[in-house]
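*Asks:* Sequences listed follow chains A, B and C, in order.
Using my numbering, the first residue of the first sequence is number 7, and each one after it goes up by one.
Using my numbering, the first residue of the second sequence is number 7, and each one after it goes up by one.
Using my numbering, the first residue of the third sequence is number 7, and each one after it goes up by one.
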Amino acid sequence: MMKRFIFGADYYIEYLPADRLETDLTLMEDAGINTIRIAESTWSVEEPREGEFDFTSVIRVIEAAAVHGIDVIVGTPTYAIPAWLARKDPSMMGENRFGSRQDMDITNPTYRFHAERIIRELVSRTAGYANVIGFQIDNETKHYFMHNERVVEGFRNWLRERFDTIEDLNEAYGLHHWSNSVASFEELPDPTGTVNGSYGCAYEEYRRHLAAEFLLWQSDIVREYKRDDQFITHNFDFDWIVLGTEKQQLGRSWGMQPDLNDYEASKAVTLAGTDIYFPVAHQLTGIEIAFGGDLIRSLKKAPYVVLESQAQCFTGWLPYPGQLRQMAFSHMASGARGMMYWPWHSIHNGIEAYWKGVLSHDGQPDETYEEVRALGAEIARIAPTVYRKISGSGKTNRIALVVSNESLTAWKWFPANKELGYNDIVMEYYRALYEENLECDVIYDRELEDSEEAWSRYEMLVFPSLYTAGDELIAKTKVFVENGGTAVAGFRSFFADKNIKIRSGAQPYGLTDVFGVSYSRWTRTGDTCWAELLRPDKAETLHPMTDRHWGEHAAVTCNDYGKGKAWYIGYHATVDELKEYIRKAAEGAGQKVPDCSWPLIRRRLGDLEFYFNYSDETISFRPEREAEETVRKDLLKGTNIEAETAIELPAWGVVLLQAGED
Amino acid sequence: MMKRFIFGADYYIEYLPADRLETDLTLMEDAGINTIRIAESTWSVEEPREGEFDFTSVIRVIEAAAVHGIDVIVGTPTYAIPAWLARKDPSMMGENRFGSRQDMDITNPTYRFHAERIIRELVSRTAGYANVIGFQIDNETKHYFMHNERVVEGFRNWLRERFDTIEDLNEAYGLHHWSNSVASFEELPDPTGTVNGSYGCAYEEYRRHLAAEFLLWQSDIVREYKRDDQFITHNFDFDWIVLGTEKQQLGRSWGMQPDLNDYEASKAVTLAGTDIYFPVAHQLTGIEIAFGGDLIRSLKKAPYVVLESQAQCFTGWLPYPGQLRQMAFSHMASGARGMMYWPWHSIHNGIEAYWKGVLSHDGQPDETYEEVRALGAEIARIAPTVYRKISGSGKTNRIALVVSNESLTAWKWFPANKELGYNDIVMEYYRALYEENLECDVIYDRELEDSEEAWSRYEMLVFPSLYTAGDELIAKTKVFVENGGTAVAGFRSFFADKNIKIRSGAQPYGLTDVFGVSYSRWTRTGDTCWAELLRPDKAETLHPMTDRHWGEHAAVTCNDYGKGKAWYIGYHATVDELKEYIRKAAEGAGQKVPDCSWPLIRRRLGDLEFYFNYSDETISFRPEREAEETVRKDLLKGTNIEAETAIELPAWGVVLLQAGED
Amino acid sequence: MMKRFIFGADYYIEYLPADRLETDLTLMEDAGINTIRIAESTWSVEEPREGEFDFTSVIRVIEAAAVHGIDVIVGTPTYAIPAWLARKDPSMMGENRFGSRQDMDITNPTYRFHAERIIRELVSRTAGYANVIGFQIDNETKHYFMHNERVVEGFRNWLRERFDTIEDLNEAYGLHHWSNSVASFEELPDPTGTVNGSYGCAYEEYRRHLAAEFLLWQSDIVREYKRDDQFITHNFDFDWIVLGTEKQQLGRSWGMQPDLNDYEASKAVTLAGTDIYFPVAHQLTGIEIAFGGDLIRSLKKAPYVVLESQAQCFTGWLPYPGQLRQMAFSHMASGARGMMYWPWHSIHNGIEAYWKGVLSHDGQPDETYEEVRALGAEIARIAPTVYRKISGSGKTNRIALVVSNESLTAWKWFPANKELGYNDIVMEYYRALYEENLECDVIYDRELEDSEEAWSRYEMLVFPSLYTAGDELIAKTKVFVENGGTAVAGFRSFFADKNIKIRSGAQPYGLTDVFGVSYSRWTRTGDTCWAELLRPDKAETLHPMTDRHWGEHAAVTCNDYGKGKAWYIGYHATVDELKEYIRKAAEGAGQKVPDCSWPLIRRRLGDLEFYFNYSDETISFRPEREAEETVRKDLLKGTNIEAETAIELPAWGVVLLQAGED
């Protein structure tokens with residue numbers, strides 16, 4: 007497939023106010039940029055009038071790039087429709103007005119007709135170029151909350167397949183509440199008016215499926231034209247959240263994507279792609295890169311490519327000198343086989359004008375360009391070594407964090423606390439793992455439902471408030487612990503079934519014997535927004551509840567069950583508390599817990615060890631080693647390091663050590 | 007009428023995921039639950055298709071309850087329409103989509119036709135059962151902001167009856183302002199677009215009337231079927247407010263209901279009902295129970311029933327052990343002749359799933375059930391005694407707090423401060439009374455307008471910022487004080503007429519001689535959002551204004567007028583300041599001011615005294631007594647208490663003393 | 007033209023609940039009120055039914071006023087349409103409902119037909135009266151965000167005139183971004199749906215132009231009837247902002263008006279008018295009066311009239327005793343030739359009921375009236391002197407603050423910080439000037455583009471973040487400095503062209519040699535939301551960046567260029583920092599910087615000096631004087647002051663000194 011580590015940038019010749027293609031390609035080549043991504047979002051240039059195609063700029067860029075040894079990823083332009091298409095069938099815009107992007111109905115037949123045609127035109131004309139190494143289908147696809155009678159009709163049909171009778175549906179969703187039950191599937195009302203969480207969540211699940219189906223459809227079209235050595239990718243993204251203390255920020259990639267069924271959609275690509283954005287400067291912690299990488303890599307259990315990475319100040323903050331380098335190596339350390347900046351050249355009009363690229367608006371090489379250039383040289387030197395690791399066994403983790411699209415949506419309907427989303431909980435549990443340098447995969451509950459192999463891959467599964475869980479997942483979790491696995495569950499896990507019906511039995515449902523604990527009641531306290539009044543049965547109480555009115559109940563328990571262990575954290579714990587619980591659980595599960603922790607982050611890739619200093623001060627440390635090791639290679643400096651030597655890792659620095667032979 | 011104190015729960019067999027009727031009735035019987043409320047909200051079960059009626063579940067529950075000695079209140083299901091009805095005439099939903107409740111147009115003819123039919127069917131089939139003790143019409147009825155051309159047309163006709171000519175209306179509402187005057191009633195514009203507070207408030211008043219008229223209509227239908235020994239009730243509720251510091255709370259019952267004319271609607275019922283919700287745990291103060299009870303009891307000057315009371319954590323907080331008991335006795339102490347939990351069984355789907363019942367989702371007796379059961383036994387023991395008091399003279403207070411629907415709406419248009427609503431002021435004045443253990447009725451200004459008797463019932467009237475007051479009320483207030491009554495008025499009282507036209511004379515309008523003070527100007531200061539620049543005439547200045555720029559003006563005054571006294575509080579005072587003023591006024595009015603105060607609350611019912619400890623610490627106190635008394639009965643313990651003995655009232659405890667013979 | 011200083015009030019006989027015309031005119035005459043403004047907003051009284059005109063009340067007021075020696079300004083009533091007109095053509099209301107004001111489409115043909123007719127009727131009937139001194143056209147006109155297909159069609163035609171081809175437009179606005187480019191002008195989409203800032207800003211510019219065109223149209227109609235000695239005025243207003251710490255305030259006049267092209271519209275009037283509102287009591291600083299006056303006076307470089315000024319508590323705060331006097335003299339000191347209170351009589355219904363007038367709702371003379379009356383006498387005494395100064399050379403400043411409508415709109419699309427608007431920046435720069443008593447004009451960038459004379463008028467130009475600047479303005483700025491002028495530019499000045507396209511060259515664009523500095527990158531830091539990474543070339547670094555990661559870059563620079571100086575402030579500085587920079591720049595530009603500063607404000611008018619004490623404490627000071635002066639006249643006291651004598655200016659006091667002969 008790919009022959010080298012991708013170090014690239016997105017390039018939009020259509021957006022530039024002046025023709026500077028040669029200038030740009032020369033600057034890229036000098037900086038070690040070996041790949042560009044083009045064409046996505048430029049439909050109105052490629053088909054300015056219905057049926058009039060013009061791929062001049064696309065072809066010109068591909069051919070010019072080839073001269074500079076630069077590869078090309080061609081993106082289908084479908085996420086931004088041209089004005090004429092919106093005018094042709096206004097129904098595809100619903101109540102939205104034309105002018106933005108990704109707000110049309112991607113199931114609209116007119117849209118699909120024209121999308122298919124432009125995809126076929128574009129891919130057929132570009133697939134033959136040797137330096138076109140792959141295609142990206144659409145971009146950050148979501149369901150865009152599309153909603154109209156046709157979509158609802160599809161939803162009703164989807165429900166017909168799920169339920170034998172309408173009474174089964176009434177019962178499963180509890181529609182008798184407030185007279186919402188219906189006498190036939192036809193009578194099912196517009197789901198956007200419902201106050202029934204089960205019905206509302208089902209609609210979201212259906213729409214996430216529609217978004218995934220759209221990508222599968224695009225993939226099938228592209229497959230008709232692409233060469234075997236060309237990949238199909240998509241840039242999966244994440245929830246987009248502005249954390250409380252960052253009012254002036256645009257937001258950040260944070261937790262799983264709520265509006266696409268990633269797990270289903272990942273079957274549409276041969277190479278998972280992603281974009282991950284996050285605050286930099288003093289706010290850079292590396293957690294978004296690590297979480298995003300762990301989730302996207304886990305989608306296909308294979309290397310992935312970071313299709314977009316920020317160069318300059320998307321949130322108003324410019325990376326400190328050194329941070330661009332840190333970001334690139336962080337992606338590598340997560341198992342990425344490529345990393346591209348978005349965009350090459352800063353844009354001069356429009357909403358993305360302040361999402362700056364490698365070059366500033368003046369198009370001249372400045373300090374940021376020079377940093378990228380130095381990094382390009384460094385990557386060129388070590389990439390072959392790293393690339394072999396990534397393409398080989400890659401990352402193999404024995405811990406997995408289990409996330410769930412249904413739990414996320416259900417949580418929106420039934421939050422433990424209005425300001426605490428499911429992704430916040432997920433990220434709190436992930437942070438505890440990340441900052442303690444306990445590497446993990448991030449997997450979907452659906453994978454555990456579908457695959458027997460997934461259960462054997464891990465020794466420890468962490469469930470951060472897995473609100474919805476089906477009977478089968480519960481039964482398999484029981485077997486997993488029985489056979490020696492370690493389960494760590496946060497409050498409200500296994501609470502409702504997949505129809506978001508709260509279970510009628512003792513909680514945690516179906517697993518009271520595994521966790522050795524049960525509860526039926528919960529409360530807020532002065533310290534936490536959610537505390538279950540745990541009644542330990544066989545389990546050991548690690549911490550009792552601290553509120554004196556409820557002191558007879560437990561807060562955290564651990565139980566031996568079969569050959570394994572099951573931990574239950576019955577309240578919304580702080581990250582520091584989670585670190586304590588998860589470290590203990592990991593030790594109990596036989597995991598080696600590193601003795602370094604954030605801001606010193608260690609990430610492993612085969613026998614490579616990346617160390618990152620996410621702080622403003624130098625950190626001095628001695629890497630852990632196996633007994634027999636005495637020397638390691640410092641790959642970036644090209645020197646050897648003796649076992650006794652402490653490494654001085656400067657602020658925002660990276661060191662890359664190799665224990666074995668290449 | 008009723009033969010015993012109602013201790014009950016709401017029961018929705020339709021919502022339950024499994025049939026457990028016998029289990030539930032047995033658990034109820036064991037817990038002393040003697041009444042259930044059923045049927046309201048279950049229209050789609052009772053009439054799953056237009057004209058197909060099925061009351062199987064209703065009849066089954068009534069008959070099974072009878073076996074367990076449990077009475078039944080049957081609720082009309084009209085507040086939640088079925089899907090087929092919304093589809094039949096979409097106009098009844100206005101711009102709302104089907105799926106919630108209480109968002110339809112309750113004056114829509116199609117709605118009325120079907121509502122009448124289901125009421126007739128339901129009531130005619132259930133009225134004959136001996137254990138059906140009464141009917142609830144609709145539920146927490148409001149006007150739901152219904153708005154369409156037909157409603158506006160009705161509003162125009164209603165205005166035609168109020169005003170002789172359109173020019174009278176132009177004048178009364180000041181419509182010449184900004185060219186809003188019209189040449190005919192037909193031209194009156196959609197009132198939801200107006201910026202004229204008089205016109206806007208009139209529309210609200212009309213819609214509050216429509217909601218009341220709807221209840222009167224339902225009542226008339228039910229009367230055709232019910233037995234003489236069966237009551238008609240309705241659960242009146244309150245404003246629903248999230249106080250500033252409770253972001254994570256769902257809200258609480260707080261102040262008077264803004265969207266129903268309670269006073270008019272109370273004529274539709276033979277037994278006033280209510281539901282009162284409030285925060286518990288460390289936030290439980292008892293004020294919502296006391297205010298709600300004082301208002302609802304005053305509607306009919308008779309005992310009432312609490313149709314819904316929370317059992318578990320509706321705001322996320324679980325009542326501390328002991329608080330459920332405290333809540334039940336608090337209702338009793340306010341003069342309630344019954345109290346029902348909402349609901350019996352926690353619900354497994356939908357928006358009320360976290361508004362938990364007596365039983366948790368697992369349906370098993372747990373600690374909460376056990377508390378209810380112990381309470382049921384206690385109530386069974388003392389209820390006959392208490393019930394006799396309630397049914398006898400009941401509560402008779404000599405102080406009344408006067409509230410006004412028109413003032414509330416006018417205040418929304420013209421707040422003294424954007425974050426300070428009329429109900430906040432009402433509750434500040436009520437809190438001052440409540441925490442000083444000065445019991446009062448809460449009455450509507452409309453009652454004072456309609457009834458001569460009301461004026462003779464009280465010795466002291468408190469007007470918390472009665473913004474709107476008609477000429478007659480003003481004149482009668484004058485007579486009231488002249489004849490020896492005490493009036494206490496907050497800032498902006500008697501400010502505008504009933505058309506929300508600010509008075510053209512000196513303020514407080516029509517009462518400058520009674521209060522002995524006048525003003526024409528006001529200002530904010532560093533301390534308060536509203537301070538009238540009072541110019542005392544005859545009145546004594548209790549406090550001057552504290553802002554040095556305005557020090558020559560008074561802040562609080564007291565005036566002797568005729569045989570009475572009139573107090574004027576010309577600024578937005580703190581609750582502690584109000585306590586001081588109101589205590590002094592009560593003493594001046596000859597009221598006995600208790601020497602205990604919150605968190606020790608005393609409530610009287612005939613010769614019974616309830617004491618409540620709303621705190622986390624034990625309180626030691628000696629009850630006040632008449633000279634001749636030496637012994638009282640502790641009804642809950644069944645012991646006698648000597649005069650000298652201090653009572654140790656534990657945290658969140660209740661003691662119930664009886665001075666006389668039963 | 008005018009023969010005396012206008013001291014007036016707005017009078018709405020139509021709004022009053024009782025006929026008290028004679029009472030009011032007598033009270034006015036006693037208070038020295040010599041002018042009233044009438045008729046605006048009373049269309050429904052003047053034309054209660056289509057085509058039925060009734061000017062009885064207008065004529066009656068004019069004639070009665072004449073008897074009392076009171077002049078009249080007649081306002082066209084067009085900003086508040088009557089109900090019948092809204093019903094006649096609902097399209098003029100767009101999605102708004104009738105009932106407010108200034109929310110109709112002022113380009114609607116039906117509206118224009120009726121507006122023209124009422125203007126002709128009103129003006130023709132009143133122009134003949136001797137005491138009618140002028141006409142006000144409309145009121146606080148803005149574009150009201152009018153939006154419909156006809157407006158958009160006009161916008162497309164306006165764009166056709168700006169751009170030769172559609173491709174020129176695509177290019178200038180960067181519409182290729184996200185497939186927004188179009189193949190013809192017809193295809194240009196609804197601009198309210200766009201995410202393209204250039205296209206969105208152009209639509210705002212067009213609508214600002216439509217609002218100005220509307221005033222020019224009214225002016226032409228009035229000109230057909232008015233006498234030569236009658237003026238045409240309009241009350242231009244400002245942005246309306248609630249500052250962060252004033253949640254309970256209604257807001258204040260703050261910065262330039264965003265929704266009208268003032269500069270264009272000023273050609274419609276012969277006398278600029280304005281209304282300026284602001285917080286009083288402890289919050290009164292005088293800055294709004296000064297800024298508003300400096301901007302409105304600069305529109306026509308001539309005296310102006312304050313058509314509305316608050317008397318009582320529009321924000322809930324009443325002016326402290328003395329502040330009304332201070333406000334009146336502040337307007338005078340800015341060059342106003344008149345000042346009118348809004349309104350005379352407080353209004354009893356509707357949304358302006360709490361925007362109180364000179365008289366309170368009781369219509370009786372109270373303390374506020376007495377203050378106005380004393381002031382009226384004082385003004386009558388000194389007005390002839392002051393009036394001669396105002397009408398003579400007036401104010402002539404050598405410093406100008408340059409503001410820009412396009413920059414303001416562009417800033418909304420691309421704020422440096424979500425909570426920091428362009429007008430905030432403008433007011434920060436203005437505050438630095440104001441509080442240091444450096445008087446200035448406030449001029450539009452458009453004037454600099456249009457007029458050669460404007461460049462020669464000033465010695466120092468201050469550009470507070472002039473985001474958009476055309477090539478010509480840039481070139482002329484260069485010449486201005488070359489020839490000896492001083493330029494002071496804030497961060498992001500000269501950043502984008504007039505199409506809001508960010509410049510492709512080094513920043514500050516086109517002026518890197520003038521400022522001797524360049525940059526391509528910027529960042530937030532812990533201290534500021536925006537800091538450009540300045541690379542000084544020839545410029546002197548006044549302050550380096552304080553963030554240690556960026557310490558090699560400059561924050562503030564000064565450069566000698568030609569005979570002049572150019573200062574560049576590359577970050578969002580605090581007001582205290584701005585004061586330092588601007589004081590230095592003014593000294594460098596040969597301006598005399600006073601040694602007094604806020605809260606002691608000095609404003610000059612010819613040889614008159616007004617001193618204001620904007621504080622709660624007495625201030626003692628010695629006025630600066632020329633060498634030869636030894637005595638000045640205190641005009642308000644009618645005494646002389648020796649050079650050595652310190653003046654004791656009491657809290658919220660005014661002193662008015664005259665150096666020369668009258």
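Idealized CB from N, CA, C, for every residue including glycine.
List, in chain order, every chain B residue whose beta-carbon is nearer than 9 angstroms to that of Y21/C.
*Replies:* Here residue 21/C corresponds to residue number 15 of the third sequence, with the count starting at 1. Correct list: G180, H182, H183.
*Asks:* Residues in its own chain within less than 7 angstroms of M7/B by CB, not counting five upstream and five downstream?
*Replies:* By one-based count along the second sequence, residue 7/B stands at place 1. Confidence in M7/B is poor, its pLDDT being 41 and thus under 50, which makes the residue's placement too unreliable to answer from.
*Asks:* Would you say Y326/B reaches chain A, if we count a Cβ-Cβ gap shorter than 8 angstroms as a contact?
*Replies:* Indexing the second sequence from 1 puts residue 326/B at position 320. Taking Cβ atoms only, chain A reaches closer than 8 angstroms to Y326/B, which makes this a yes.
*Asks:* Which residue comes first and which comes last in the beta strand (DSSP E) that contains A560/A?
*Replies:* Here the question's residue 560/A lines up with position 554 in the first sequence. Looking at the DSSP string, the run of the beta strand (DSSP E) that includes A560/A is 560-567.
*Asks:* Any beta carbon of chain B sitting closer than 8 angstroms to that of G292/C?
*Replies:* Taking the third sequence and counting its residues from 1, one reaches residue 292/C at position 286. No, no contact with chain B.
*Asks:* Whole-angstrom Cβ separation of F244/A and Q263/A, contact assumed at under 8 angstroms?
*Replies:* Taking the first residue of the first sequence as 1, we reach residue 244/A at position 238. Taking the first residue of the first sequence as 1, we reach residue 263/A at position 257. With a Cβ gap of about 6 angstroms, F244/A and Q263/A count as contacting.
*Asks:* Excluding the 5 residues preceding and the 5 following R452/A in the sequence, name in chain order all residues of the same chain whose CB lies nearer than 6 angstroms to its CB.
*Replies:* Mapped onto the first sequence, residue 452/A falls at position 446. Within the same chain, R452/A has close Cβ partners Y269.
*Asks:* Does the structure place the region 14-24 of chain B close enough to the region 32-51 of chain B that three or more beta carbon pairs sit under 8 angstroms?
*Replies:* In short, these stretches touch, since the Cβ pair count reaches three.
*Asks:* Can the beta-carbon of I282/A be found closer than 8 angstroms to that of G298/A?
*Replies:* Looking up residue 282/A in the first sequence gives position 276. Looking up residue 298/A in the first sequence gives position 292. Cβ distance < 8 angstroms, so I282/A and G298/A count as in contact.
*Asks:* For a test of the three-state rule: what should DSSP assign to P550/B, helix, strand or coil?
*Replies:* As a first step, residue 550/B must be located in the second sequence, where it is residue number 544. Residue state, collapsed to three classes: strand.
*Asks:* Suppose only complete runs of 4+ residues qualify. What are the alpha helix (DSSP H) ranges in the region 141-195 of chain B, listed by chain order?
*Replies:* Runs found: 155-168, 172-179.
*Asks:* Between the region 96-119 of chain A and chain C, which residues of the former have CB atoms less than 8 angstroms from a CB of the latter, in chain order?
*Replies:* Against chain C - using a Cβ distance shorter than 8 angstroms - the residues of the region 96-119 of chain A are N102, R103, F104, G105, S106, R107.
*Asks:* Work out the CA separation of N40/B and N443/B for me, nearest whole Å.
*Replies:* The sequence position of residue 443/B within the second sequence is 437, counting from 1. The sequence position of residue 40/B within the second sequence is 34, counting from 1. If you take the alpha carbons of N443/B and N40/B, they lie about 32 angstroms apart.
*Asks:* Is R213/C buried or exposed, if buried means 16 or more other CB atoms sit within 10 Å of its CB?
*Replies:* To locate residue 213/C, count along the third sequence from 1; it is residue 207. Counting Cβ neighbours within 10 Å, R213/C comes out buried, since at least 16 surround it.
*Asks:* Can you check DSSP and say which residues form a bridge with E443/C?
*Replies:* Translated into positions along the third sequence, residue 443/C becomes position 437. In the sequence as displayed, the identity of residue 443/C is Asn instead of Glu. Answer by DSSP bridge pairing: none, since N443/C is not bridged.
*Asks:* Would a check of beta-carbon distances place G511/A closer than 8 angstroms to chain B?
*Replies:* As a working mapping, residue 511/A is identified with position 505 in the first sequence. So yes, G511/A belongs to the interface.
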